[in-house]
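If you read the sequence shown in my numbering, its first letter stands for residue 1, the second for the next number, and so on.
Where is the CB? At the ideal position from N, CA and C, for every residue including glycine.
As the structure is a prediction and not an experimental result, all values here were calculated from the model.
Presented below is the structure to which this report refers.
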Amino acid sequence: MADQTQQGTQQGAQQTGDAARTADNRDGQQAGNTSRTFTQQDLDRIIEDRLTRERQKYADYDTIKTELTKIKQSQMSDLEKLTQAASEHERRAIAAESRIAQTEIKADFVERAIAAGVTDIRLAYLAAQAEGLLGAYDPDKGVGKHNFDELKKRYPHLFRATTGGSADGGAGGGGKIGGDMNVWIRRAAGRA
1 MADQTQQGTQ QGAQQTGDAA RTADNRDGQQ AGNTSRTFTQ QDLDRIIEDR
51 LTRERQKYAD YDTIKTELTK IKQSQMSDLE KLTQAASEHE RRAIAAESRI
101 AQTEIKADFV ERAIAAGVTD IRLAYLAAQA EGLLGAYDPD KGVGKHNFDE
151 LKKRYPHLFR ATTGGSADGG AGGGGKIGGD MNVWIRRAAG RA
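Listed below in C-alpha coordinates is the structure:
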(Lines of atoms letter the chains of each structure in order from A and count residues from 1; the text may use other names and numbers.)
(Lines give C-alpha, C1' and ligand atoms only; values in the text may rest on other atoms or scores of the structure.)
Protein backbone atom coordinates (compact mmCIF):
# COMPACT_ATOMS: atom_id res chain seq x y z
CA MET A 1 0.00 0.00 0.00
CA ALA A 2 2.85 2.37 0.88
CA ASP A 3 4.42 1.60 -2.49
CA GLN A 4 1.22 2.57 -4.30
CA THR A 5 1.04 5.89 -2.38
CA GLN A 6 4.64 6.70 -3.17
CA GLN A 7 4.14 5.86 -6.86
CA GLY A 8 1.03 8.03 -6.94
CA THR A 9 2.90 10.96 -5.40
CA GLN A 10 5.73 10.61 -7.90
CA GLN A 11 3.28 10.47 -10.81
CA GLY A 12 1.45 13.56 -9.51
CA ALA A 13 4.70 15.51 -9.15
CA GLN A 14 5.75 14.39 -12.60
CA GLN A 15 2.48 15.55 -14.12
CA THR A 16 2.72 18.90 -12.27
CA GLY A 17 6.31 19.33 -13.47
CA ASP A 18 5.28 18.47 -17.03
CA ALA A 19 2.48 21.03 -16.91
CA ALA A 20 4.87 23.70 -15.62
CA ARG A 21 7.43 22.90 -18.31
CA THR A 22 4.73 23.09 -20.99
CA ALA A 23 3.64 26.50 -19.67
CA ASP A 24 7.27 27.66 -19.61
CA ASN A 25 7.74 26.44 -23.17
CA ARG A 26 4.71 28.38 -24.31
CA ASP A 27 5.98 31.55 -22.54
CA GLY A 28 9.46 31.01 -23.95
CA GLN A 29 8.12 30.65 -27.44
CA GLN A 30 6.09 33.83 -27.10
CA ALA A 31 9.03 35.87 -25.73
CA GLY A 32 11.36 34.69 -28.40
CA ASN A 33 13.16 32.19 -26.14
CA THR A 34 15.57 34.89 -24.86
CA SER A 35 15.20 34.53 -21.08
CA ARG A 36 16.70 31.82 -18.93
CA THR A 37 15.68 30.93 -15.40
CA PHE A 38 18.44 30.32 -12.82
CA THR A 39 18.13 28.36 -9.61
CA GLN A 40 19.47 29.71 -6.32
CA GLN A 41 22.38 27.28 -6.57
CA ASP A 42 23.26 28.63 -10.01
CA LEU A 43 23.22 32.20 -8.72
CA ASP A 44 25.33 31.32 -5.68
CA ARG A 45 27.89 29.57 -7.90
CA ILE A 46 28.06 32.50 -10.36
CA ILE A 47 28.46 35.06 -7.56
CA GLU A 48 31.12 32.99 -5.79
CA ASP A 49 33.09 32.62 -9.03
CA ARG A 50 32.96 36.38 -9.64
CA LEU A 51 34.05 37.18 -6.07
CA THR A 52 36.94 34.74 -6.32
CA ARG A 53 38.16 36.39 -9.53
CA GLU A 54 37.95 39.87 -7.93
CA ARG A 55 39.87 38.72 -4.83
CA GLN A 56 42.58 37.26 -7.04
CA LYS A 57 42.95 40.61 -8.84
CA TYR A 58 43.82 42.46 -5.62
CA ALA A 59 45.58 39.69 -3.69
CA ASP A 60 49.06 41.13 -4.29
CA TYR A 61 48.10 44.77 -3.59
CA ASP A 62 49.97 45.06 -0.26
CA THR A 63 53.06 43.38 -1.68
CA ILE A 64 53.08 45.70 -4.68
CA LYS A 65 52.62 48.73 -2.44
CA THR A 66 55.61 47.72 -0.27
CA GLU A 67 57.76 47.12 -3.33
CA LEU A 68 56.79 50.53 -4.74
CA THR A 69 57.88 52.23 -1.52
CA LYS A 70 61.24 50.42 -1.67
CA ILE A 71 61.73 51.44 -5.29
CA LYS A 72 60.93 55.09 -4.52
CA GLN A 73 63.40 55.10 -1.65
CA SER A 74 66.12 53.55 -3.77
CA GLN A 75 65.56 56.15 -6.49
CA MET A 76 65.84 59.05 -4.05
CA SER A 77 69.10 60.89 -4.28
CA ASP A 78 71.33 61.32 -1.26
CA LEU A 79 70.29 64.97 -1.07
CA GLU A 80 66.61 64.04 -0.92
CA LYS A 81 67.31 61.46 1.79
CA LEU A 82 69.24 64.02 3.82
CA THR A 83 66.50 66.61 3.34
CA GLN A 84 63.90 64.14 4.52
CA ALA A 85 66.00 63.18 7.56
CA ALA A 86 66.63 66.85 8.38
CA SER A 87 62.91 67.66 8.29
CA GLU A 88 62.21 64.70 10.59
CA HIS A 89 64.90 65.87 13.04
CA GLU A 90 63.51 69.41 12.92
CA ARG A 91 60.03 68.11 13.73
CA ARG A 92 61.44 66.20 16.70
CA ALA A 93 63.38 69.24 17.90
CA ILE A 94 60.28 71.41 17.80
CA ALA A 95 58.35 68.82 19.79
CA ALA A 96 61.17 68.63 22.35
CA GLU A 97 61.27 72.43 22.68
CA SER A 98 57.54 72.44 23.29
CA ARG A 99 57.89 69.85 26.06
CA ILE A 100 60.77 71.82 27.61
CA ALA A 101 58.72 75.03 27.55
CA GLN A 102 55.78 73.31 29.27
CA THR A 103 58.10 71.85 31.90
CA GLU A 104 59.81 75.20 32.52
CA ILE A 105 56.47 76.98 32.93
CA LYS A 106 55.18 74.33 35.31
CA ALA A 107 58.36 74.31 37.43
CA ASP A 108 58.37 78.10 37.64
CA PHE A 109 54.68 78.13 38.56
CA VAL A 110 55.20 75.60 41.35
CA GLU A 111 58.12 77.60 42.77
CA ARG A 112 56.21 80.88 42.73
CA ALA A 113 52.95 79.28 43.92
CA ILE A 114 54.63 78.05 47.11
CA ALA A 115 55.89 81.57 47.77
CA ALA A 116 52.40 82.99 47.05
CA GLY A 117 50.77 80.66 49.59
CA VAL A 118 48.94 78.27 47.29
CA THR A 119 47.58 75.26 49.19
CA ASP A 120 46.76 72.95 46.26
CA ILE A 121 49.43 73.53 43.64
CA ARG A 122 48.17 70.98 41.10
CA LEU A 123 44.65 72.41 41.13
CA ALA A 124 46.00 75.98 41.01
CA TYR A 125 48.15 75.09 37.99
CA LEU A 126 45.19 73.59 36.17
CA ALA A 127 43.03 76.63 36.97
CA ALA A 128 45.75 79.04 35.83
CA GLN A 129 46.22 77.04 32.65
CA ALA A 130 42.49 77.02 31.90
CA GLU A 131 42.13 80.74 32.62
CA GLY A 132 45.24 81.76 30.66
CA LEU A 133 47.03 83.11 33.73
CA LEU A 134 50.34 81.30 33.21
CA GLY A 135 53.40 83.21 32.15
CA ALA A 136 54.72 82.75 28.63
CA TYR A 137 58.02 81.00 27.92
CA ASP A 138 60.82 82.70 26.05
CA PRO A 139 64.01 80.65 25.57
CA ASP A 140 66.16 83.75 26.04
CA LYS A 141 64.30 85.43 28.91
CA GLY A 142 62.79 82.42 30.68
CA VAL A 143 59.25 82.24 32.02
CA GLY A 144 57.19 85.40 32.27
CA LYS A 145 55.18 86.48 35.28
CA HIS A 146 52.24 84.33 36.34
CA ASN A 147 49.14 86.29 37.32
CA PHE A 148 48.67 85.10 40.92
CA ASP A 149 46.66 88.21 41.85
CA GLU A 150 43.94 87.36 39.34
CA LEU A 151 44.13 83.68 40.29
CA LYS A 152 43.58 84.63 43.95
CA LYS A 153 40.57 86.80 43.01
CA ARG A 154 38.95 84.01 41.00
CA TYR A 155 39.93 81.08 43.25
CA PRO A 156 40.53 82.35 46.81
CA HIS A 157 40.07 78.88 48.31
CA LEU A 158 43.35 77.79 46.69
CA PHE A 159 45.39 80.15 48.87
CA ARG A 160 46.27 80.09 52.58
CA ALA A 161 44.29 82.46 54.71
CA THR A 162 46.41 85.27 56.05
CA THR A 163 46.80 85.14 59.80
CA GLY A 164 47.33 88.02 62.11
CA GLY A 165 50.51 88.09 64.12
CA SER A 166 53.69 89.91 64.54
CA ALA A 167 55.43 91.19 61.47
CA ASP A 168 58.72 89.70 62.58
CA GLY A 169 57.39 86.14 62.43
CA GLY A 170 58.22 85.41 66.05
CA ALA A 171 61.87 86.31 65.68
CA GLY A 172 61.64 89.27 68.02
CA GLY A 173 62.22 89.35 71.72
CA GLY A 174 59.81 88.88 74.54
CA GLY A 175 59.54 85.14 74.49
CA LYS A 176 63.20 84.19 74.60
CA ILE A 177 64.12 81.07 76.41
CA GLY A 178 67.44 81.12 78.12
CA GLY A 179 69.80 78.28 77.48
CA ASP A 180 70.14 75.81 74.70
CA MET A 181 67.77 73.43 72.99
CA ASN A 182 68.07 70.73 75.63
CA VAL A 183 66.91 73.15 78.32
CA TRP A 184 63.96 74.18 76.21
CA ILE A 185 62.95 70.53 75.58
CA ARG A 186 63.17 69.71 79.29
CA ARG A 187 60.99 72.69 80.18
CA ALA A 188 58.44 71.73 77.53
CA ALA A 189 58.36 68.17 78.87
CA GLY A 190 57.97 69.43 82.43
CA ARG A 191 61.25 68.02 83.75
CA ALA A 192 63.14 71.17 84.42
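For the options ALA130, LYS152, ILE94, the alpha carbon positioned closest to that of ALA113 is the one of LYS152.
LEU123 has its alpha-carbon roughly 17 Å from the corresponding atom of ALA161. DSSP, read as helix, strand or coil, puts TYR58 in coil. DSSP, reduced to helix, strand and coil, places TYR125 within a helical segment of the structure shown. Burial of ALA128 is indicated by the presence of at least 16 other C-beta atoms within 10 angstroms of its C-beta. Going by DSSP, ASP120 is part of no alpha helix (DSSP H) at all; its letter is neither H nor E. In this structure the stretch 103-112 lies against the stretch 125-140, because at least three pairs of beta carbons, one per stretch, are closer than 8 Å. Here GLY117 is near PHE159, since their CB atoms are less than 9 Å apart. Around the beta carbon of HIS146, a 10 Å sphere encloses 16 or more other beta carbons of the protein chains shown; the residue is thus reported as buried. Where ASP149 is concerned, the enclosing alpha helix (DSSP H) starts and stops at 148-154.
By the neighbour-count definition (other C-beta atoms within 10 Å, threshold 16), VAL143 is a buried residue. A straight-line Cα-Cα distance of about 20 Å links ILE121 and ILE100. One alpha carbon belongs to ALA85, the other to THR63, and they sit about 25 Å apart. MET76 and TYR58 have their alpha carbons spaced roughly 28 Å apart. For ALA130, the closest of ALA115, ARG154, ASP140, LYS141 by C-alpha to C-alpha distance is ARG154. Checking the DSSP bridge columns, you'll see VAL183 has no partner listed.
Contact annotation: LYS65 and GLN73 have beta-carbon atoms that are not nearer than 9 Å.
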